[in-house]
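J.:
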Amino acid sequence: MVGEVTVAGTMLTPRAKGCAAILGASFTIASFGVLAHLVNSMFGPGAQALLRALLASMFMFAFLLLVRRRLPSRLTPMEWLQVAAIGAAGSVTLLCFTAVVAHDKAASGTLLIFAGGTMAALIGGRLVYGERLTAYRLGAVVLVTAGLVIYAGGFAYSGVTTWIGVLGGVGDGVGNLVRKRMQRIDRSSAVALQYLVGAGVAGLYILVSGTPQIREVGLAPMVAMVVFALLALNLGVLMLYGYARVDVQTGTVLLATQVFFAIVLGVVFLGQSPTAAEVAGGLMIGVASCLSAFEPRPAPAGRTDPVRADLNEMPFAATESVVTRTRTADWDVNRYPERDAVTLRTALAGHYGLTPDRIVVGSGSIGVIQQAMTAAGPGEIAYGWPTFEAFDHAAQSLRMPVRRVPLYDNACDLRALLAAITPTTAMVIVCTPNSPTGGIVGHDDVAAFLRRVPPRVLVLLDEAYIEFVTDPGHVDSVSLAYQYPNVLVTRTFSKGYGLAGARVGYGIAQPGLARRVRDAGLPFPVPVPCQEAALAALADRRTLRDRVDRIIAERQRLAAGLRDLGTVVVEGHGNFVWLPLGEQAAPVAAALRDHDIRVKPVAGHGIRITVGTPADTAAVHAAWLAATHRPTEESYTRSAQGTEAARRWRSASSAPRIWTGGNWVGVWVRSSAHAAVVSAAPSSYCTTGVSSARRRR
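Under the numbering used here, think of the first position of the sequence shown as 2, with each following residue one higher.
#1: Using the three-state DSSP reduction, which class does residue 577 fall into: helix, strand or coil?
#2: Taking only three categories from DSSP, how would you classify residue 164?
#3: Between the Cα of residue 414 and the Cα atoms of 447, 403, 391, which residue gives the shortest distance?
#4: Where does residue 601 fall in DSSP's three states?
#5: Taking buried to mean at least 16 other C-beta atoms within 10 Å of its own C-beta, is residue 654 buried or exposed?
#6: How is the alpha helix (DSSP H) around residue 365 delimited, first residue to last?
#7: Could you check whether the segment 576 to 589 touches the segment 277 to 296, counting it as contact only if at least three pairs of C-beta atoms, one from each stretch, sit closer than 8 angstroms?
#8: If you run the structure through DSSP and keep just helix, strand and coil, what is residue 553?
#9: Measuring CA to CA, which of 430, 229, 177 is closest to residue 393?
#10: Would you say residue 510 and residue 476 are within 8 angstroms of each other, going by their C-beta atoms?
#11: Buried or exposed for residue 341, going by 16 or more other Cβ atoms inside 10 Å?
#12: To which residues of the same chain is residue 599 closer than 7 angstroms at the C-beta, ignoring the five residues directly before and after it?
#13: Tell me whether residue 89 counts as near the ligand NAP, meaning its Cβ is closer than 7 angstroms to at least one heavy atom of that ligand.
#14: Going by other Cβ atoms of all chains shown within 10 Å of its Cβ, with 16 needed for buried, is residue 274 buried or exposed?
#15: Under 8 angstroms Cβ to Cβ from residue 120, same chain only, skipping five residues before and after it: list those, please.
#16: For residue 504, name the three-state secondary structure that DSSP assigns.
#17: With DSSP collapsed to three states, give me the class of residue 633.
#18: Please give me, in chain order, every unbroken run of the alpha helix (DSSP H) with length at least 4 that falls completely inside the segment 446 to 511.
#19: When DSSP builds the beta bridges, which residues end up paired with residue 432?
#20: Which residue marks the beginning of the beta strand (DSSP E) containing residue 381, and which one marks its end?
#21: Taking DSSP's pairing of strands, which residues face residue 607 in a bridge?
#22: For residue 484 and residue 255, I'd like the C-alpha separation in whole angstroms.
#23: From 527, 199, 205, pick the residue whose C-alpha is nearest to that of residue 501; which is it?
#24: Alpha carbon to alpha carbon, how far is residue 391 from residue 367?
#25: For the alpha helix (DSSP H) holding residue 323, just list the boundary residues, first then last.
#26: Just curious, the beta strand (DSSP E) that residue 309 is in, first and last residue?
#27: So residue 270 is in the alpha helix (DSSP H); what residue range does that whole segment cover?
#28: For residue 352, count neighbouring Cβ atoms within 10 angstroms of its own Cβ and tell me buried if that reaches 16, exposed if not.
#29: In terms of residues, what are the limits of the alpha helix (DSSP H) holding residue 394?
#30: Is residue 227 helix, strand or coil when you go by DSSP?
#31: Going by DSSP, what residue range makes up the alpha helix (DSSP H) through residue 250?
#32: Output yes or no for whether 8 angstroms exceeds the beta carbon distance between residue 571 and residue 564.
#33: Would you mind reading off the limits of the alpha helix (DSSP H) that contains residue 353?
#34: How would you call residue 16, buried or exposed, if buried means at least 16 neighbouring beta carbons within 10 angstroms?
#35: Going by DSSP in three states, residue 362 sits in which element: helix, strand or coil?
#36: Is residue 123 near residue 250, with beta carbons less than 8 angstroms apart?
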């Protein structure tokens, strides 16, 4: 396979590369101690932190300019917060460490920093990424702690000093937790921005402390500070690379090897002679790191059936209430069900505080969606891509032209979708959470979008995975459907409620639109047993919440394990995870199929993996390790070119249009820059409505 790396005839896995990167970062941190002997004679702790961060940021910005690499132009607020958190955490850790070693030896500071960082890693790794504290990890933590205690040889400390050191460690641990999240931003850009933030924090410390920070001027300390900054750049890149491939708990243990490296560098460069305790402690830390780095990976046991991770089904059997109600329902097989499922519509109306005339019931949500297309047509349909492929099937069956608009940040790009509306557009679809990518859209954005959509255009908000959304900023679609006469919300009992086999979906709209959609469908859309199953599931809210919570927790474990194996994972807001593999989607899906794992590939974009049971998660992790031993960052970068092309597409002033097989294609012929966009974008991104190219004039 492309991207495999071999060392001495054996394959180096992504996790091994991550461990090596963190060990390299640990060596870099140890080298700071050597430089500190020169720097401390001239600079105080605040000046050290400020100059290191400023120089590192300047060097990286200069590098980016030299290679003509653009900074991310549209970071989300969360991504800015992540960059700021890492920069602030780095400065806080350095300042706290300096404060501790001012009253005790460096080993004491290292011990306290490790204690705080380990606490943050154990708790944060569990809560944020679902990492388990295995026997290997627990043994490694205990061994490292013992090694640090022996290395320190006992130290006199005050309560304040202890808490300052632990605080610095917690800041370091939080920074590492955030690093594992930062997988979409270019590493060089992230390092440049984080050190810029770190310089601001250090400057604030200098202003607050009011103590002199520059003692004397000398060439050697200045040179040392420049080297300090260059090594800091190396540290930032290695840490981001390593934590993208290694779990937080393991990374924290590996970082403790800085003590061992410090001993070696002290002997080589400073002529220091380590004590027996320091040697013993350093060796114990080295053994602990080996335990952590070579921890066995999970493997499935005794599975003979394939894992169905391709259809986003719930892994739980029907509840007792569903089984009982379907078996005891009073119905005659020789009689038709209610024409418009009045009983189920009434129950759904009561669930949402509406009237039954605002509810449409169909054969799954796609049944309602196809009825809506019929009611809206004739005309074009526009929606983001990639998305639920059944939209394509339904539109093709009705011979309605389709405009595909590239997603932005794995969610529907509402501005581009608005620009794609033409006089012939009959319907637009916003899938949130979007399948297969898991992205969602916010309420304010959708409300602003609806205010600008022509009233003649039907806006369908497809929310098949709404039960899995926990973000309070997600669109309140029911209130918008109540307010706008051209809005239809579709939901289903197939996902959160686990009734995929019953095929029950429904829509919410104003009475006039709901009647049009009902009239576009066939009578008797849902059999009686399926209606009874839906009624029972709707009434059992406690089971719904419990099962959804279990799936969300398992989703976090599935994503964390795949990240540990070096994979870029978008966790999203559904009962699935998204792996943006680009052109590698098909071969990876085929390789997983050979290991009895069925996933959903989306050609040219990535693969979607359904969350199942803990046994399914272990089987997916083991199959991934067996099927591919390479990181997918390169593939992700290649796939991300489409997103960058979409951004530049939207900023283009105009584009000629040509017709190719039912899709409008934007083609730039006026400049080489425009041509570069087309050549860089995957073909799927070059088959969108050109109206998005004219969104900003």
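Backbone N, C-alpha and C fix where the C-beta goes; we use that ideal spot for every residue, glycine too.
Note that the structure is a prediction, hence the values are computed from the model and not measured.
T.: For this structure:
#1: DSSP places residue 577 in strand when its eight states are reduced to three.
#2: Helix.
#3: Closest by alpha carbon: 447.
#4: Here residue 601 sits in strand by DSSP.
#5: Annotation note: pLDDT 31 at residue 654 (below 50); position unreliable, no value reported.
#6: It spans 365 to 377 - the alpha helix (DSSP H) in which residue 365 sits, taken as one unbroken run.
#7: Because the criterion of three Cβ pairs below 8 angstroms is not met, the segment 576 to 589 and the segment 277 to 296 do not touch.
#8: Residue 553 falls in the helix class under three-state DSSP.
#9: Residue nearest to residue 393 within the set 430, 229, 177 is 430 (criterion: CA-CA distance).
#10: The answer is no: Cβ separation not under 8 angstroms.
#11: With at least 16 other beta carbons inside 10 angstroms of its own, residue 341 counts as buried.
#12: Excluding positions up to five away in sequence, the list reads 307, 308, 309, 310, 311.
#13: For the ligand NAP, the structure offers nothing, since it holds no ligand at all.
#14: Under this definition residue 274 is an exposed residue.
#15: Same-chain partners within the cutoff: 167, 170, 171, 174.
#16: Coil, per DSSP.
#17: At residue 633 the pLDDT is 39, less than 50, meaning the model places this residue with poor confidence and gives no usable figure here.
#18: Given a length threshold of 4 residues, each whole run of the alpha helix (DSSP H) inside the segment 446 to 511 is given here in chain order: 478 to 484.
#19: In the DSSP output, where bridge partners are listed per residue, residue 432 has 463.
#20: Residues 381 to 386.
#21: In the DSSP assignment, residue 607 is bridged to 603.
#22: Straight-line Cα distance between these residues: approximately 56 angstroms.
#23: It is 527.
#24: Whole-angstrom Cα-Cα distance: 7 angstroms.
#25: Where residue 323 is concerned, the enclosing alpha helix (DSSP H) stretches over 321 to 329.
#26: Start and end: 308 to 310.
#27: 259 to 271 is the extent of the alpha helix (DSSP H) around residue 270.
#28: Flag for residue 352 reads exposed.
#29: Looking at the DSSP string, the run of the alpha helix (DSSP H) that includes residue 394 is 391 to 398.
#30: It is helical.
#31: Run containing residue 250: 249 to 256, per the alpha helix (DSSP H) assignment.
#32: Judged by beta-carbon spacing, residue 564 lies beyond the 8 angstroms limit of residue 571, meaning their Cβ atoms are not closer than that value.
#33: For residue 353, the uninterrupted alpha helix (DSSP H) run begins and ends at 343 to 353, by DSSP.
#34: Buried, by the Cβ-count rule.
#35: For residue 362, the secondary structure class from DSSP, reduced to helix, strand or coil, is strand.
#36: In this structure, residue 250 lies closer than 8 angstroms to residue 123 by Cβ.
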